[in-house]
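In our numbering, the protein residues as written are 1216 to 1678.
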């Protein structure tokens, strides 16, 4: 059984801590977080970022956003749009191709990628031939290095063998399957019905097309879930022996996400029941020797992410966890995000507006943030906390006048978390314990210099 995964405290004592510490806060997929970014980000700043990528000459990560779905899953908080019209999807992909070609032309095809990810929406809701055209253009304009990692998110209900063949032939070996829950009542309530038998057959099809790594996404906290039904889902998922798993806590934000209002809040698990599901998930996959990754992911012992955890160089960005520390990223498509050493940039969100911006100007940058030296140091510190469970001031802090002292004082201020067992002394800082892993977001928040000014932002709950 994987060690240091499951807290040793009795569940009732853990729940008392959760009641005291469960607040709303950022997930720290980025730092600074997206609400800090400014609208009307200058295109020239983005172009300077592209030039800097070329000068550095390192392989980058690429994210392609394909926002369309066949039907609405009622829990979903993604930037997705429902359509059954192929012409709508194909028109969007034509504009996505135009954006890719514009970047390829601007950098004179001098960029390569080490990681390519298709997200959505549902990338495999795209007609197969159009998906093939899109990928071929991308691989021409920003070619991959040898053994580049390529991954895709799919809804198994719309993914055909032709989709799998096209992806496999273009080097995709990782596939992430959205499941959420196997209980039929839960599935009907969230409008995402897919049986165990169909999932088993789909996983086998994926493996037959050469996908060596299968990830399955689950969500706890949904209507009608119980401790027993959730345990059954965990056991059923285990039979597929996926290389990676993700188990997210459902974020109910009906004021912000209108379709979530269709979900019966009175049928959702209580806070205590949600905590039980989280702990049961950790116990279950730890008993099968999966390595817990960050807050809510798991990897088989032989997986590259598990190795990154053991070696202390796990990292993450908007595409997910990665063993490539500090990899820079370009995003293509509506709402896609780019992450460079100097900045974050994000395209406009609505597909129709995105299409128009590409027609008018060839670019669709809408928001962004230029990182200063303080940002970069705190970003490193928060990422090390969230990924590698270490709280210590980076050496780079010495490059900013007075920053080391500020961060050292914040680090020292975490001392009250030692008594309940969330952290323990480690070198010149702290190491997060198995119990503390439940509170990673709480531990990161004191290092966020922008958070005090974000009282008007509605974040999800930290636990």
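Cβ atoms here follow ideal geometry from the backbone N, Cα and C, with glycine treated the same way. Just so it is clear, the structure is predicted and the values come from calculations on it, not from any experiment.
Which of the three DSSP states, helix, strand or coil, is assigned to residue 1318? helix
Check for me: the beta strand (DSSP E) holding residue 1552 runs from which residue to which? 1552 to 1554
Could you tell me which of 1492, 1564, 1254 sits nearest to residue 1293, measuring between CA atoms? 1564
Inter-residue Cα distance where the pair is residue 1634 and residue 1367: 43 Å
DSSP beta-bridge partners for residue 1559? 1554, 1584
Distance between residue 1376 and residue 1420 (C-alpha atoms, nearest Å): 8 Å
Let me know the secondary structure DSSP gives residue 1461 once reduced to three states. strand
For residue 1252, the three-state DSSP class (helix, strand or coil): coil
Local conformation of residue 1642 per DSSP, three classes: coil
Between the CA atoms of residue 1382 and residue 1290 - distance to the nearest angstrom: 27 Å
Does the segment 1482 to 1499 come within contact of the segment 1555 to 1563, defined as at least 3 CB pairs closer than 8 Å? no
Under the rule that 16 or more other beta-carbon atoms within 10 Å means buried, what is residue 1550, buried or exposed? buried
Residue burial classification, residue 1726 (beta-carbon count within 10 angstroms, cutoff 16): Since the first and last residues shown for the chain are 1216 and 1678, residue 1726 lies out of range.
Under 7 Å between the Cβ atoms of residue 1520 and residue 1508? yes
Taking the alpha-carbon of residue 1514 as reference, which of 1466, 1491, 1461, 1468 has the nearest alpha-carbon? 1461
Report the option in 1396, 1571, 1582, 1360 whose CA atom is closest to the CA atom of residue 1310. 1571
Does DSSP put residue 1283 in a helix, in a strand, or in coil? strand
Which residue marks the beginning of the beta strand (DSSP E) containing residue 1389, and which one marks its end? 1389 to 1395
For residue 1292, which three-state DSSP category applies? coil
On the premise that residue 1622 lies in contact with residue 1637, defined as a C-beta separation below 8 Å, what is that separation, rounded to the nearest angstrom? Going by Cβ atoms, the distance from residue 1637 to residue 1622 rounds to 19 Å, so no, they are not a contact pair.
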